[in-house]
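Novice:
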Amino acid sequence: MADMRPHPTRKSPRLSGYDYTQPTGYLVTISVDQMENRFGEVLDDVMQLDQAGEMVKAAWNRLPDRFSSIELDAYVVMPNHFHGIVFLGTNPESGPPSLSRVIQVFKSETAVEYGRQIRAGVFPPVQRGLWHRSFHDRILWDERILSLAREYVANNPRKWHEAHAR
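In terms of this note's numbering, the sequence shown is numbered consecutively and its last residue is 672.
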């Protein structure tokens, strides 16, 4: 019998059975929808943020105001994606936030502001939305993996042209 679903079932990028409220570190990667360059450009191996990139940077840095039990670490806004390291802590009053909730708030706040700037004629329009529907994560199990994640984030602008050479 033919599959009658209109779209294929997507596999979740989250680790099956893992509790994403665990107080540990995560490397998060969030891509712009259609991988369009929206946040600036890499010049001489340095990311030069435009106004949209500065907005994304500011929204990331405000996350601890919303979630008092998280701690931000290394991050980089790239032309068409974002990498950030976040540590989830425990909050005795409200319980720990899930990683998905933290990223949902970040994506929502940046998408809403981006939409405002589109309507104001500041940012170019997007076809479907600012961000890809999901995000990727890597659980930072130990100091070695954390160190590698920090190195990856720091080197991302330098490796941009290698990855995007045509």
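Backbone N, C-alpha and C fix where the C-beta goes; we use that ideal spot for every residue, glycine too.
Because the structure is a prediction, the values reported are computed rather than measured.
1. Rounded to a whole number of angstroms, what is the C-alpha to C-alpha distance between Arg-656 and Ile-591?
2. Between Val-548 and the rest of its own chain, which residues show a CB-CB distance below 8 Å, the 5 nearest in sequence each way excluded?
3. Between which two residues does the alpha helix (DSSP H) harbouring Arg-656 extend?
4. Just list the beta strand (DSSP E) runs in the region 542-576, keeping only unbroken ones of 3 residues or longer that don't cross its boundaries, in chain order.
5. In chain order, what residues of the same chain have a beta carbon less than 6 Å from the beta carbon of Thr-527, not counting five sequence neighbours either side?
6. Quick one: what's got a C-beta closer than 6 Å to Ser-537's C-beta in the same chain, skipping five residues either side?
7. In the DSSP assignment, what are the bridge partners of Leu-533?
Specialist: According to the structure data:
1. Here residue 656 refers to the residue found at position 150 of the sequence shown. Here residue 591 refers to the residue found at position 85 of the sequence shown. So the two alpha carbons sit approximately 8 Å from each other.
2. Numbered from its first residue, the sequence shown carries residue 548 at position 42. Same-chain partners within the cutoff: Gln-554, Met-584, Pro-585, Pro-663, Trp-666, His-667.
3. Taking the first residue of the sequence shown as position 1, residue 656 is located at position 150. From DSSP, the alpha helix (DSSP H) with Arg-656 extends over 649-669.
4. 546-549, 552-555
5. Here residue 527 corresponds to residue number 21 of the sequence shown, with the count starting at 1. Closer than 6 Å at the Cβ level, and outside the excluded window around Thr-527, lie Pro-602, Ser-604.
6. As a working mapping, residue 537 is identified with position 31 in the sequence shown. Here the set comprises His-587, His-638.
7. For the purposes of this step, residue 533 is taken as residue 27 along the sequence shown, with counting starting at 1. Residue pairing by DSSP places Leu-533 opposite Ile-591, Arg-644 in a beta bridge.
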